[in-house]
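Taking it in order: structure first as structure tokens, then the write-up.
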Amino acid sequence: MGKRFAKHLGQFIVTLFGITFLTFCLTYLAPGDPVTMLLETADTIVSQELIDETRAQLGLDKPFIVQYANWVVNAAHGDLGMSYSAKKPVVDRMLEALPGTVMLAGTALVFTLLYALPAGIISALNRNKWIDYLLRTASFVGVSMPSFWLGLVLIYIFGLKLGLVPIASSRVTPIGVILPAATLAVVVGSKYMRQVRLVILEEMQKDYVIGARARGVSEMKILFGHILPNAVLPLITILGVLIGWLLGGVAVVEMVFSWPGLGNMAVYAITMRDYPLIEGFVLWVALAYMCVNALVDASYVLLDPRLKRERA
Amino acid sequence: MKEFIQKHKLFSFYTALMLVIVFIAIFAPWLAPGDAFTSDMSKALQAPSAQHWFGTDKLGRDVLSRIIYGTQLSLFMGVSIVVIMVSIGTIIGAIAGYFGGKIEMVLMRFADIMLSFPGVVLAIAIAGILGGSIMNTILALSVVGWAKYARLVRSMTLKVRGEEYVTAAVMMGASTSTIIRRHIIPNIMPLVVTTGALDIGAIMIEVAGLSFLGFGAQPPTPEWGLMLNEGRQYLQTSPWLMAFPGMSILIVVAIFNLWSDSLRDVVDPKNQG
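Each protein sequence line maps, in turn, to chains D and C.
Quick note on numbering: the numbering used here labels position 239 of the first sequence as 239, and the sequence is numbered without any gaps.
Quick note on numbering: the numbering used here labels position 53 of the second sequence as 53, and the sequence is numbered without any gaps.
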């Protein structure tokens, strides 16, 4: 167990460095100069002197590798630098946007589970019957549909035509979260539903299920007492991957709904060439994704008695 | 041929549908009923009519024609990106699996980093920072996508490498590149190709997504994601700008997904859900 943890921690750190370094390289290679971009928005005539001064102030005149090293040292102290566009510390800007994203991703996750788990189980239990075909077709359409288009369609129907929900809220509201969360849930949940169905089907074909059925155990008991407990581990593993999709999908969906979260902030940061903010966003996604995977791993130990014994 | 079609009815049907899309892409200039490129403000934002079946956009261009032209880019991007990422992944995976040791460790650690981060976020960052263009979209999605194939090919290479015919080839003095080219790659190709085909639809969605965000194809390119972005501000008054490009993506992606699913069943009949 300790070894397992150490190995994961090592990988975790390598990935953090790898991904932030890659982003740093990108911002270095990118066309366009953040300093001129920053000053031009101020709507004044920009002198070369001012450009040089600002560049030095931001530390952008130093060699590339020194810049990265500085960033790492500061980040380790919880300082991610100043956002060029928001003119305030990156950490503050991100903390403003964090609640929106957490609320959206959390609601989307709940919707996803509410849809994908029952649908996948019902579909597997009624294999090749009409309800299975119906649910599979629905999930197939969901997988083939771009989330941003679904978002627009939902805004059109529920926001513009029926007027049930606000179309674009620049504030975090419980009502406003429903449409973006539903959009994410359809796209991500459709993928998950297919996996749930496969996992359950596989479990249903195992000998112990046939044995239980032969002994006359009721189908309900077989499902809740045997199949589901055994399916929990693979389902949690897939859930970890799925949350990765959620973190990625959030950016596009937040943009469609003008939802004030981290994804929307990141898209804006990229258009504004606000490199510290982009770097902060990448770091957040990496950390969030890895925490999720660490939780998935920890749940193995809690849920799988075999691993528990290993620990003892 | 006739026998094959009868044996694989579904696959043949989806292949035919796919060929229709290819046909539309190739013959777009002849199929497009109106002008997809020249703007004519006097015709701006017209609702669907007998003359413009899918209406016109803010510059008065025929939406149906732009959608037909959009097939070209969507198809080209989906296929070329998958080919690129599968090729890179196969080469890296085969090298790692065949040589093992330090080379394997470095290559696979690199792949692990790519896999332990949500790909969409990285693709948005790469395409966005480098600037929106078709080349950068290809670059971004290939950089993000190769790792999965490297891992797949590596594990299969390890398996094939232990086979007797490879040992025999080594004993006969075949060079390493010959062994990889002649023995290893042909043996792992079927699975790699079917896995790649399954990705085409998802890649098409991602390409459209990057364009939608403004980090992909740039105006005036007829690209479905970009058309959605341009139509977004007219959602209330001109919903056809949103409806038709989106449906095109949905239909084309669905056909590719169905086709690749049935392709897998043809190649590997055991794996039927």
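By construction, the Cβ of each residue, glycine as well, lies at the ideal position given by its N, Cα and C atoms.
Could you check whether the Cβ of G128 of chain C sits closer than 7 Å to any Cβ belonging to chain D?
Position 128 of the second sequence holds residue 128 of chain C. So yes, G128 of chain C belongs to the interface.
Between which two residues does the alpha helix (DSSP H) holding M77 of chain C run?
Numbered from its first residue, the second sequence carries residue 77 of chain C at position 77. Here the alpha helix (DSSP H) through M77 of chain C covers V63 to F99.
Checking 7 Å against the spacing of the C-beta atoms, do S238 of chain C and L45 of chain C come in under that value?
Residue 238 of chain C sits at position 238 when you count from the first residue of the second sequence. Residue 45 of chain C sits at position 45 when you count from the first residue of the second sequence. Yes. Within cutoff.
For W71 of chain D, which residues in chain C fall below 8 Å Cβ to Cβ?
Here residue 71 of chain D corresponds to residue number 71 of the first sequence, with the count starting at 1. Going along chain C, no residue has its Cβ under 8 Å from W71 of chain D, so there is no contact; the nearest lies around 16 Å.
In this structure, does DSSP put P89 of chain D in helix, strand or coil?
Here residue 89 of chain D refers to the residue found at position 89 of the first sequence. Note: P89 of chain D maps to strand in three-state DSSP.
Which one or two residues does DSSP pair with M82 of chain D in a beta bridge?
Here the question's residue 82 of chain D lines up with position 82 in the first sequence. According to DSSP, which records beta bridges pairwise, M82 of chain D is partnered with D:P89.
Which residues of chain D have a Cβ atom closer than 9 Å to the Cβ of M77 of chain C, listed in chain order?
In the second sequence, counting from the first residue as 1, residue 77 of chain C sits at position 77. Going along chain D, no residue has its Cβ under 9 Å from M77 of chain C, so there is no contact; the nearest lies around 14 Å.
Which residues mark the beginning and the end of the alpha helix (DSSP H) in which Y156 of chain D is found?
Counting from one through the first sequence, the residue named residue 156 of chain D turns up at place 156. Neither: Y156 of chain D is in no alpha helix (DSSP H) and is coded neither H nor E.
Rounded Cβ spacing between I205 of chain C and P146 of chain D (contact assumed at less than 8 Å)
Position 205 of the second sequence, counted from the start, is the residue given in the question as residue 205 of chain C. Position 146 of the first sequence, counted from the start, is the residue given in the question as residue 146 of chain D. Sure, about 5 Å apart at Cβ, within 8 Å.
Along the segment 77-109 of chain C, what residues have a CB closer than 9 Å to any CB found in chain D?
R109
Measuring alpha carbon to alpha carbon, tell me which of D:Y28, D:F17, D:W71 and D:R197 ends up nearest R136 of chain D.
The sequence position of residue 136 of chain D within the first sequence is 136, counting from 1. Closest by alpha carbon: D:R197.
Chain D contact for S142 of chain C (CB, 7 Å cutoff)
Within the second sequence, residue 142 of chain C is the residue found at index 142, counting from 1. No, no contact with chain D.
Any residues in the segment 245-256 of chain C with a beta carbon nearer than 7 Å to a beta carbon of chain D? Which ones, in chain order?
G246, I249, L250, V253 and A254
The alpha helix (DSSP H) enclosing A47 of chain C, as first and last residue numbers:
By one-based count along the second sequence, residue 47 of chain C stands at place 47. No alpha helix (DSSP H) holds A47 of chain C; DSSP gives it neither H nor E.
Measure from the C-beta of Q272 of chain C to each C-beta in chain D and report whether the shortest distance is under 7 Å.
Mapped onto the second sequence, residue 272 of chain C falls at position 272. A caution first: Q272 of chain C carries a pLDDT of 48, below 50, which makes its placement in the model unreliable, though a value can still be read off. Not an interface residue.
Proximity to V282 of chain D [Cα-Cα], best of D:T20, D:F5, D:K3 and D:V14
Within the first sequence, the letter at position 282 stands for residue 282 of chain D. Of D:T20, D:F5, D:K3 and D:V14, the residue nearest in Cα terms is D:T20.
Output, in chain order, the set of chain D residues within a Cβ distance shorter than 8 Å of P118 of chain C.
Working through the second sequence from its first residue, we reach residue 118 of chain C at position 118. What P118 of chain C touches in chain D: G244, W245, L247, G248, V285 and Y289.
If we count the other Cβ atoms within 10 Å of its Cβ and call it buried at 16 or more, is D52 of chain D buried or exposed?
Mapped onto the first sequence, residue 52 of chain D falls at position 52. Counting Cβ neighbours within 10 Å, D52 of chain D comes out exposed, since fewer than 16 surround it.
Listed from N- to C-terminal order along the chain, which residues in the segment 207-230 of chain C have their beta-carbon within a distance smaller than 8 Å of any beta-carbon of chain D?
A208, G209, F212, L213, G214, F215, G225 and L228
Which stretch, first to last residue, makes up the alpha helix (DSSP H) that contains D265 of chain C?
Within the second sequence, numbered from 1, the residue matching residue 265 of chain C stands at position 265. It spans W240 to V267 - the alpha helix (DSSP H) in which D265 of chain C sits, taken as one unbroken run.
Compare the C-beta of G55 of chain C against all C-beta atoms of chain D and say whether one is closer than 7 Å.
Taking the second sequence and counting its residues from 1, the one referred to as residue 55 of chain C is at position 55. Not one chain D Cβ lies under 7 Å of G55 of chain C.
The alpha helix (DSSP H) enclosing E223 of chain C, as first and last residue numbers
Within the second sequence, the letter at position 223 stands for residue 223 of chain C. From DSSP, E223 of chain C is part of no alpha helix (DSSP H); its letter is neither H nor E.
Would you check if the distance between the CB atom of L242 of chain D and the CB atom of V177 of chain D is smaller than 7 Å?
Against the first sequence, residue 242 of chain D aligns to sequence position 242. Against the first sequence, residue 177 of chain D aligns to sequence position 177. No, the pair does not count as a contact, with Cβ atoms beyond the cut-off.
Where the alpha helix (DSSP H) through I211 of chain D begins and ends:
On the first sequence, residue 211 of chain D is found 211 positions in, with the first residue counted as 1. Strictly speaking, residue 211 of chain D in this sequence is Gly, with Ile absent from that position. From DSSP, the alpha helix (DSSP H) with G211 of chain D extends over D207 to A214.
Comparing the C-beta of M37 of chain D with each C-beta of chain C, is any distance below 7 Å?
The sequence position of residue 37 of chain D within the first sequence is 37, counting from 1. Chain C, which has no Cβ nearer than 7 Å to the Cβ of M37 of chain D, makes this no.
Considering just the uninterrupted stretch of the alpha helix (DSSP H) at K2 of chain C, what are its terminal residues?
Residue mapping note: residue 2 of chain C aligns to position 2 of the second sequence, counting from 1. That run of the alpha helix (DSSP H) goes K2 to K7.
Distance check for V143 of chain C and I113 of chain C, CA to CA, integer angstroms please.
Taking the second sequence and counting its residues from 1, one reaches residue 113 of chain C at position 113. Taking the second sequence and counting its residues from 1, one reaches residue 143 of chain C at position 143. Answer to the nearest angstrom: the Cα atoms are 12 Å apart.
Local conformation of T271 of chain D per DSSP, three classes
Working through the first sequence from its first residue, we reach residue 271 of chain D at position 271. Helix.
I need the straight-line Cα distance from S39 of chain C to A294 of chain D, nearest angstrom please.
Sequence index remark: in the second sequence, residue 39 of chain C carries index 39 (1-based). Sequence index remark: in the first sequence, residue 294 of chain D carries index 294 (1-based). Going from the Cα of S39 of chain C to the Cα of A294 of chain D covers about 54 Å.
Do you know offhand how far R311 of chain D's Cα is from L302 of chain D's?
For this step, residue 311 of chain D is matched to residue 311 along the first sequence. For this step, residue 302 of chain D is matched to residue 302 along the first sequence. With a pLDDT of 49 at R311 of chain D, under the threshold of 50, the predicted position of this residue should be treated as unreliable, though the coordinate-derived value follows. So the two alpha carbons sit approximately 11 Å from each other.
Contact with chain C by G10 of chain D, beta-carbon distance below 7 Å:
Counting from 1 along the first sequence, the entry for residue 10 of chain D is found at position 10. G10 of chain D does not count as touching chain C.
Should Y133 of chain D go down as buried or exposed, given a rule of 16 or more other Cβ atoms within 10 Å for buried?
Here residue 133 of chain D is taken as the residue at index 133 of the first sequence, counted from 1. Burial call: exposed.
Within 10 angstroms of the Cβ of D304 of chain D, are there 16 or more other Cβ atoms? Answer buried if so, exposed if not.
For the purposes of this step, residue 304 of chain D is taken as residue 304 along the first sequence, with counting starting at 1. By the 10 Å Cβ count, D304 of chain D comes out exposed.
Which of the three DSSP states is assigned to T317 of chain D in this structure?
Summary: the structure shown does not reach residue 317 of chain D, with chain D confined to residues 1 through 312, and so no result is reported for it.
Step through the CB atoms of chain D and report whether any lies within less than 7 Å of the CB of M171 of chain C.
On the second sequence, residue 171 of chain C is found 171 positions in, with the first residue counted as 1. No, no contact with chain D.
Could you please give the first and the last residue of the uninterrupted alpha helix (DSSP H) stretch that includes R136 of chain D?
Counting from 1 along the first sequence, the entry for residue 136 of chain D is found at position 136. Element bounds for R136 of chain D: W130 to S144.
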